[in-house]
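**Q**
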Amino acid sequence: MRRQQATQGATMIMVVLLTLLLLAGILAATVRLSLGSRQNTADQAATLKAQYAAESQMAMVTRRLQDYQKLLTAEIPGADGGSITHLQVPPGTTIADLEAYGKQFCNKAGVSNPWVATTAYAAARSTLDDELYPDAKECAVDNTVNNAEQFAILAALVTSQAYNVLENADERPSDVNDPAILKAWWKTLLTTDIGTTNWRLGVRALRVVQLTPTVYRFFFGVQNARTRGIVGNATRVMTASRAKDGEWWFQIELPNLLEDVLMTNHHRSQPSSTATYEPAGAPSVNFTDQRFDGSIHTNEKFLFDGSASAQFLDQVSSVGCTDLPRNGRPASGDCAKAAGVYIAREIQTPPTTADTNAKRSKWIADKVAESPRTVSFVKTPSDSTQIDYSKTNFTADYKPLPENESDQMAAANNAGLALSGQVDSVELKAADGNGTPLSTYANSKWNEAAGNIYQYITVKRREITRSCTVSSWRQEDYWSFIAWKYYPTQTYIDWPSSDPETGTSLKKYSSSHYYVRSVTCQSTVSSTVITDEYRYGPDMVLQKKPAGGAWSQATAVRTNFNGVIFGQNMTTVTGPARIGGDTTGALDRAPPALASFAKITLAASGDIGLGSDLTLSQTPCTFSETRATPPCTRNPGNVLGIYSQSGNVIVRTTTPRNVNIHAAIMASTGEATVENYNSRAQSGNVKLIGSLIENWYGAFGQYGSSNTGYGRDFTYDVRLNRGITPPFFPVSPRWNVKPASAVSQNSLASIVPLTSSSRGLSF
Numbered sequence: 001m002r003r004q005q006a007t008q009g010a011t012m013i014m015v016v017l018l019t020l021l022l023l024a025g026i027l028a029a030t031v032r033l034s035l036g037s038r039q040n041t042a043d044q045a046a047t048l049k050a051q052y053a054a055e056s057q058m059a060m061v062t063r064r065l066q067d068y069q070k071l072l073t074a075e076i077p078g079a080d081g082g083s084i085t086h087l088q089v090p091p092g093t094t095i096a097d098l099e100a101y102g103k104q105f106c107n108k109a110g111v112s113n114p115w116v117a118t119t120a121y122a123a124a125r126s127t128l129d130d131e132l133y134p135d136a137k138e139c140a141v142d143n144t145v146n147n148a149e150q151f152a153i154l155a156a157l158v159t160s161q162a163y164n165v166l167e168n169a170d171e172r173p174s175d176v177n178d179p180a181i182l183k184a185w186w187k188t189l190l191t192t193d194i195g196t197t198n199w200r201l202g203v204r205a206l207r208v209v210q211l212t213p214t215v216y217r218f219f220f221g222v223q224n225a226r227t228r229g230i231v232g233n234a235t236r237v238m239t240a241s242r243a244k245d246g247e248w249w250f251q252i253e254l255p256n257l258l259e260d261v262l263m264t265n266h267h268r269s270q271p272s273s274t275a276t277y278e279p280a281g282a283p284s285v286n287f288t289d290q291r292f293d294g295s296i297h298t299n300e301k302f303l304f305d306g307s308a309s310a311q312f313l314d315q316v317s318s319v320g321c322t323d324l325p326r327n328g329r330p331a332s333g334d335c336a337k338a339a340g341v342y343i344a345r346e347i348q349t350p351p352t353t354a355d356t357n358a359k360r361s362k363w364i365a366d367k368v369a370e371s372p373r374t375v376s377f378v379k380t381p382s383d384s385t386q387i388d389y390s391k392t393n394f395t396a397d398y399k400p401l402p403e404n405e406s407d408q409m410a411a412a413n414n415a416g417l418a419l420s421g422q423v424d425s426v427e428l429k430a431a432d433g434n435g436t437p438l439s440t441y442a443n444s445k446w447n448e449a450a451g452n453i454y455q456y457i458t459v460k461r462r463e464i465t466r467s468c469t470v471s472s473w474r475q476e477d478y479w480s481f482i483a484w485k486y487y488p489t490q491t492y493i494d495w496p497s498s499d500p501e502t503g504t505s506l507k508k509y510s511s512s513h514y515y516v517r518s519v520t521c522q523s524t525v526s527s528t529v530i531t532d533e534y535r536y537g538p539d540m541v542l543q544k545k546p547a548g549g550a551w552s553q554a555t556a557v558r559t560n561f562n563g564v565i566f567g568q569n570m571t572t573v574t575g576p577a578r579i580g581g582d583t584t585g586a587l588d589r590a591p592p593a594l595a596s597f598a599k600i601t602l603a604a605s606g607d608i609g610l611g612s613d614l615t616l617s618q619t620p621c622t623f624s625e626t627r628a629t630p631p632c633t634r635n636p637g638n639v640l641g642i643y644s645q646s647g648n649v650i651v652r653t654t655t656p657r658n659v660n661i662h663a664a665i666m667a668s669t670g671e672a673t674v675e676n677y678n679s680r681a682q683s684g685n686v687k688l689i690g691s692l693i694e695n696w697y698g699a700f701g702q703y704g705s706s707n708t709g710y711g712r713d714f715t716y717d718v719r720l721n722r723g724i725t726p727p728f729f730p731v732s733p734r735w736n737v738k739p740a741s742a743v744s745q746n747s748l749a750s751i752v753p754l755t756s757s758s759r760g761l762s763f
């Protein structure tokens, strides 16, 4: 019994001991798990903090990219409500200079033709970036070339004040006025990865696109971005690359002046040559009840009648220039500006509370539309009573006009027609092989017989001879007994020096004396009229018919006619005669001056007169028709340009009632006007489909107690801003710079995270 009890006691002891051991093991395991959990929690916290640190570094990289974008933006807002210029093309930069910059940018300066055709711009990229460039070319940057001049364009364009957007002085170039230092700084930024031990960033030049010979885009983008966060033993690494909209670009352009149905440099009548000219004078052209079917612009200010009811169907813009010379640009290249508008001949200027250009422009728009006036601007899509202020800009950029006709003269001499002598008339007509004008018009189009259509150009001119009479040399000096030599008199000093063929005087210096002489030159126009007849077909081979001969005997004078016709003047330009003596201006009664394949620019140093209808083989859409539902889709490929550099464009007395002009017209130093506008009988309207650009606002007629001349029925031809422009038509002489943000949502800082890991990364 005792043995059994002893055995049971021993067993109990063993059970207790085993239980204690088990509990001890459980306790130890629990302690170990608790300690491990705490360690894991600490590791996770360190990893999370490292992730936050990496993300913070990536945010810093994004801010840096935003600064670089500002650096490469044409203008940014200033503290005073104005703007700070960051990109500015140096005065005197030529088209050839810009192409050279483009070649350097893509590291192909030594390649004669590095441009490759691209179709990326043949269609609209967005609702804002919708201008078409069917002949666009691009040059991708060659990153294998080490070219110190690659970024010469940035050294030249980026203004010294622009670098202030970089907050830390050590981030900026050491000397913002030294081209060599600037080029080296840009090379470091755009060809190497910059950064510190915890972040690296690679921004690269990507390509340059030549949209036209006067419009270029320079592209930039992020190649890679990587950041690292380290906390204790934890490391987190983030990498990112540019998003689809992560390319940044700026566009340099000689602006297309054919953006408006009406553009004036001076919004007033042309003063006589003897009249006193006041640059800050008031406009003299009063807006009353006109309807503008397209955008309008002036470099000065507009004038509205006190009870005006004018209608504007597109953009209205004015600059407010106060220092424009009679012709050409102010010496600075830009003009001094003061926003405002004239109402009932009283100047109205925004209050000081309108402290930004946007506020000033809005104030002026509201003032113009204020009762009792019922002026109508474009309304917002969502509210037909609310002005769309994006379509009113009374603090617009200055648009200078061309200053010479050298490009058109060169184009005419190269592959066009350069007309010598006094040009009495130029006749343009689309006709068949026998020279018979087109006669069938349907669906806004004249019927052209396939394989039997030509563009005819008939010129009547008279040769000019120039003769000069030269006087004897006359001594203009005096003897100095002190210096023991002759000195020129003041007359000699003031006497002009010029070539006898172009001037009226000449002076020279011999070894001992100073002389002057007069040269009087005279031009004599011959009485003999020379008739030159030309024609070409879709092959663009320009033929000339021999005098008194037949077209079968014609010889080719241009194998690839460029469409430019230049003369010192063109007294009258005409198209075919109207059918049946129509006076209504019906388009089916006005046979076309231009065949479907013809693109022609008539350019002259002096006056160009318009003597009849000048229509196209297919009538272009009016601006309103393109906004209708459904919209007009006619898109003829032919186009006519009329350009006078130093004269006027004059609607002659021979034009019929309600004359039709389908053309882009420019009078760079003169005006477009109607001959005898104040005495000829009221003749209906000048019915323009196209664009009119003039230095002075020319008179077309008089209204009131005695109606004379023509009214204006103008509508914009939208093709002029969509890639269909007259050949070698002049552009503005002042380069503009436009950022990507003007027409897109692109941002250099638009980057997409690719990875986030704990793996190490070489910095």
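No gaps in the numbering here: position 404 of the sequence shown is 404 in the working numbering, and each next residue is one more.
Glycine included, every Cβ here is placed at the ideal spot set by N, Cα and C.
In this text, all values refer to a predicted model and were calculated from it rather than measured experimentally.
#1: Does the stretch 233-244 come into contact with the stretch 124-136, if we say contact requires no fewer than three beta-carbon pairs (one atom in each stretch) closer than 8 Å?
#2: Can you tell me whether W495 is helix, strand or coil according to DSSP?
#3: Count the other CB atoms within 10 Å of the CB of M12; is the residue buried (16 or more) or exposed (fewer)?
#4: Please state whether DSSP places D539 in a helix, a strand or coil.
#5: Let's see if you can read the secondary structure: which residues bound the alpha helix (DSSP H) around V368?
#6: When DSSP labels each residue in this structure, what does D289 get in the three-state scheme?
#7: With a threshold of 16 other CB atoms inside 10 Å of the CB of S420, please say whether the residue is buried or exposed.
#8: Where are the alpha helix (DSSP H) runs, 4 residues long or more, that stay fully inside the stretch 178-203, in chain order?
#9: By the three-class DSSP mapping on this structure, what secondary structure does Y509 have?
#10: Can you give me the C-alpha to C-alpha distance between L33 and D43, rounded to a whole angstrom?
#11: Tell me the DSSP secondary structure of R466 in three-state form.
#12: Beta strand (DSSP E) containing Q386: first to last residue?
#13: Is C321 buried or exposed, if buried means 16 or more other CB atoms sit within 10 Å of its CB?
#14: Out of L154, T298 and N286, which has the shortest C-alpha to C-alpha gap to A308?
#15: With burial defined as no fewer than 16 other Cβ atoms inside 10 Å of the residue's Cβ, what is the status of M14: buried or exposed?
#16: Return the chain-ordered list of same chain residues with a C-beta closer than 8 Å to the C-beta of S505, the five sequence neighbours on each side being excluded.
#17: Please report the distance separating the alpha-carbon of K187 from that of M263.
#18: When burial is assigned at 16 or more other CB atoms within 10 Å of the CB, is R360 buried or exposed?
#19: On the DSSP bridge assignment, give the partners of C321 in chain order.
#20: Counting pairs of Cβ atoms below 8 Å between the stretch 735-751 and the stretch 244-260, do you hit three or more?
#21: Does T673 pass the burial test, meaning 16 or more other C-beta atoms within 10 Å, or should it be called exposed?
#22: Rounded to whole angstroms, what is the Cα-Cα separation between F597 and G637?
#23: Helix or strand or just coil, what does DSSP make of L303?
#24: Measure the C-alpha to C-alpha separation of P546 and Q682 and round it to an integer number of angstroms.
#25: Confirm, please, whether the CB-CB distance from N393 to S444 is below 9 Å.
#26: Rounded to the nearest angstrom, what separates S425 and G567 at their Cα positions?
#27: What is the rounded straight-line gap between the Cα of G684 and the Cα of G585?
#28: With a Cβ-Cβ cutoff of 9 Å, do S732 and P255 count as a contact?
#29: Which runs of the alpha helix (DSSP H) at least 4 residues long sit entirely within the stretch 405-442? Give them in chain order.
#30: Compute the distance between the beta-carbons of G641 and A664, then report whether it is under 9 Å.
#31: Please work out which residues of its chain come closer than 8 Å, Cβ to Cβ, to P372, disregarding the five sequence neighbours upstream and downstream, and give them in chain order.
#32: Just tell me which of T524, T380, G609 and Q455 has its CA closest to the CA of S467.
#33: Is the CB-CB distance between G575 and L428 below 9 Å?
#34: Among the residues of its own chain, which have a CB less than 8 Å from the CB of K337, if the five just before and after it don't count?
#35: Which complete beta strand (DSSP E) runs does the stretch 101-185 hold, if anything under 3 residues is left out?
#36: Would you mind giving the Cβ-Cβ distance between L610 and I650, rounded to the nearest angstrom? I have them listed as a contact below 8 Å.
**A** If we stick to the structure as given:
#1: no
#2: coil
#3: exposed
#4: coil
#5: N357 to A369
#6: coil
#7: exposed
#8: 179-191
#9: Strand, per DSSP.
#10: Low local confidence applies: a pLDDT of 46 at L33 is under 50, so the model's placement there is unreliable, with the coordinate-based value given in what follows. Looking at the two C-alpha atoms, the distance is approximately 15 Å.
#11: strand
#12: D383 to I387
#13: buried
#14: N286
#15: exposed
#16: W495, P496, S497, S498, V516, R517, S518 and V519
#17: 42 Å
#18: buried
#19: Within the DSSP bridge table, the entry for C321 names K337 as partners.
#20: yes
#21: buried
#22: 6 Å
#23: strand
#24: In a straight line, the C-alpha of P546 is about 42 Å away from that of Q682.
#25: It is not a contact, given that the beta carbons lie outside the stated cut-off.
#26: Using only the alpha carbons, I get a separation of about 11 Å.
#27: Roughly 9 Å between the two C-alpha positions.
#28: yes
#29: 406-415
#30: yes
#31: G306 and S307
#32: T524
#33: yes
#34: V319, G320, C321, T322, T395 and Y398
#35: 137-140
#36: 7 Å
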